[in-house]
Amino acid sequence: MYHKTMPYRIFSIFNNVLLTILSLLCLLPLYHLLMVSLSASAPANAGLVTFWPIGFTLEAYAKTFANTNFLSSLWVSVERTVLGTGLALIVNTIAAYALSKETRVFRARNIYLWYFVITMLFSGGLIPGYILILKLGLMNTLLALILPGLVAVFNIILLLNFFRTVPKDLEEAAFIDGAGHFKTFIKIYLPVSVPVIATVSLFMMVGHWNAYFDGIIYIRDAEKLPLATFMQTIIVQADMSKLDPEAVKNLSQRTIRASQIFISALPILLVYPFLQRYFVTGIVVGAVKE
């Protein structure tokens, strides 16, 4: 058989070694951060920590969770990710179901489809978006972080292409039994579309959790900042005013930052393994057709 030939075995070995090296290159920085966060202040500041903590301590995590601004930002990100992903999933799946129909069923399909596609190429820009949020009275609110990205055209295209692979016989059988479009969508399309729904959900979750720029623009109060924006202000901008002075007293800022970065990355790391098995199927099947 083909998989037993020598060239295939050589390729498999080379591929596995390469992927292992790439995986280690991705994981080692995060592992190093964990070791720094578990180390004492002096070796962390001196850059002595490599792959094992020096002067093991959990004080950085204790101080991090004692920081009320960090905890409030963490909760804002959780709210944003859960609410934003849920609402976007509802809107995008419904839009994709409608656009997956043929023009004889949905006559305006091509008009709406091209309308969505054009928005992938052109946008109003930063200033019109800011003015719109301001005029709608959404400044400094959670909705300002959710509504602008509620409709993701790329995700809609993946979903509608997957929906078009669902056998028409299932839909016709549901219609014969008296089901309407809504019931068919809930009972037929959603259960068989778990791979692509899990894939787009992962995209949305990661996007909301890691988004920081919109928080800089639309949020004014420190306690309403999402976690990514909070981390950007204290790491990239080196603005330590949002940290509780008593919480970081006599403790290295490097260990504090390392613990916060690791905590902020942990939720996605925990969720990803559960959705990863659907990732390849959702991407491939959702991208092979129009």
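In this note's numbering, the protein residues as written are 1 to 290. In this text, a Cβ means the ideal position worked out from N, Cα and C, and glycines have one as well. As the structure is a prediction and not an experimental result, all values here were calculated from the model.
Is DSSP giving residue i helix, strand or coil here?
{"i": "N250", "result": "Caution is warranted here: a pLDDT of 49 is assigned to N250, below 50, making its placement in the model unreliable, and no coordinate value can be reported."}
{"i": "V82", "result": "helix"}
{"i": "L160", "result": "helix"}
{"i": "G286", "result": "Bear in mind that a pLDDT of 47 at G286, under 50, signals an unreliable position, so the number given afterwards is only what the model happens to contain. Helix at G286."}
{"i": "I219", "result": "coil"}
{"i": "F203", "result": "helix"}
{"i": "V271", "result": "helix"}
{"i": "P191", "result": "helix"}
{"i": "T57", "result": "coil"}
{"i": "K101", "result": "coil"}
{"i": "D169", "result": "helix"}
{"i": "S293", "result": "Given a span of 1 to 290 for the chain in the structure shown, any question on residue 293 remains unanswerable."}
{"i": "V233", "result": "The sequence given here has Thr at residue 233, not Val. Three-state result, T233: helix."}
{"i": "M120", "result": "helix"}
{"i": "V49", "result": "coil"}
{"i": "K224", "result": "helix"}
{"i": "D214", "result": "helix"}
Taking the CB atoms as reference points, tell me whether residue i and residue j lie closer together than 8 Å.
{"i": "S264", "j": "L227", "result": "yes"}
{"i": "V196", "j": "V153", "result": "no"}
{"i": "M139", "j": "I131", "result": "no"}
{"i": "P53", "j": "S39", "result": "yes"}
{"i": "L34", "j": "F262", "result": "yes"}
{"i": "L99", "j": "R107", "result": "no"}
{"i": "I256", "j": "K101", "result": "no"}
{"i": "I268", "j": "V206", "result": "yes"}
{"i": "A179", "j": "K168", "result": "no"}
{"i": "Y218", "j": "Q232", "result": "no"}
{"i": "L71", "j": "F65", "result": "yes"}
{"i": "V36", "j": "V17", "result": "no"}
{"i": "L150", "j": "L87", "result": "yes"}
{"i": "G125", "j": "P148", "result": "no"}
Which word fits residue i, buried or exposed, when buried means at least 16 other C-beta atoms lie within 10 angstroms of its C-beta?
{"i": "A44", "result": "buried"}
{"i": "R254", "result": "buried"}
{"i": "Y291", "result": "One cannot answer for residue 291 here, as it falls past the ends of the chain, which runs 1 to 290."}
{"i": "N15", "result": "exposed"}
{"i": "F230", "result": "buried"}
{"i": "S259", "result": "buried"}
{"i": "K135", "result": "exposed"}
{"i": "T119", "result": "exposed"}
{"i": "M204", "result": "buried"}
{"i": "P20", "result": "The sequence given here places Thr at residue 20; Pro does not occur at that position. By the neighbour-count rule (16 or more Cβ atoms within 10 Å), T20 is not buried but exposed."}
{"i": "S193", "result": "buried"}
{"i": "A113", "result": "In the sequence under discussion, the amino acid at residue 113 is Leu, which differs from the Ala named in the question. With 16 or more other Cβ atoms within 10 Å, it is buried."}
{"i": "Y8", "result": "exposed"}
Only counting the same chain, and skipping five residues up and downstream in sequence, which positions put a Cβ closer than 6 Å to that of residue i?
{"i": "L145", "result": "R80 and D214"}
{"i": "R220", "result": "N140"}
{"i": "Y61", "result": "S259"}
Enumerate in chain order the residues of its own chain whose CB-to-CB distance from residue i is below 7 Å, with the five nearest sequence positions on each side excluded.
{"i": "L159", "result": "N92, T93, A96, V196, V200 and G286"}
{"i": "H208", "result": "R80, T81, G84 and T85"}
{"i": "S73", "result": "L225, P226, L227 and F230"}
Tell me which same chain residues have a C-beta within less than 8 Å of the C-beta of residue i, skipping the five on either side of it?
{"i": "L89", "result": "I197, V200, S201 and M204"}
Is the segment 154 to 166 close to the segment 199 to 214, with three or more CB pairs under 8 Å?
-> Output reads yes: the segment 199 to 214 touches the segment 154 to 166.
Would you say the segment 64 to 84 touches the segment 172 to 183, given that touching needs at least three Cβ pairs under 8 Å?
-> Put simply, the segment 64 to 84 does not touch the segment 172 to 183. Fewer than three CB pairs are less than 8 Å apart.
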